[in-house]
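Peer 1:
Residue numbers (this note's numbering): 1 to 67.
1) Classify residue 17 as helix, strand or coil using the three-state DSSP reduction.
2) Does the segment 23–32 come close enough to the segment 2–9 to have 3 or more Cβ pairs within less than 8 Å?
3) Helix or strand or just coil, what does DSSP make of residue 6?
4) To the nearest angstrom, report how far apart residue 11 and residue 35 are at their CA atoms.
5) Quick check on DSSP: helix, strand or coil for residue 45?
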């Protein structure tokens with residue numbers, strides 16, 4: 001999860017920062033840190049069933065629209 005960049009010879013600070021940001025976001029470190037900050041409770045069986053019913057309702061409603 002640690003991401004670092006070493007300055008190359010003749011490289012400007014701006015270029016170094018851009019290279020660091022590129023490697024930081026490509027390793028998805030930001031997503032891992034953001035997800036680790038908050039804990040979300042797993043949905044209960046009732047919530048899963050409710051969302052399935054709602055999803056089924058809207059999917060069946062949308063089939064008449066040429067989908």
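Each residue gets a CB set at the ideal place from its N, CA and C atoms; glycine is no exception.
The model shown is predicted, which means the values in this text are computed figures rather than measured ones.
Peer 2: Taking the coordinates as given:
1) As a working mapping, residue 17 is identified with position 17 in the chain shown. Reduced to three states, the DSSP call for residue 17 is helix.
2) yes
3) Taking the first residue of the chain shown as 1, we reach residue 6 at position 6. Three-state result, residue 6: coil.
4) Reading the chain shown from its first residue, position 11 is the one you call residue 11. Reading the chain shown from its first residue, position 35 is the one you call residue 35. Their Cα atoms are separated by approximately 34 Å.
5) Counting from 1 along the chain shown, the entry for residue 45 is found at position 45. Note: residue 45 maps to helix in three-state DSSP.
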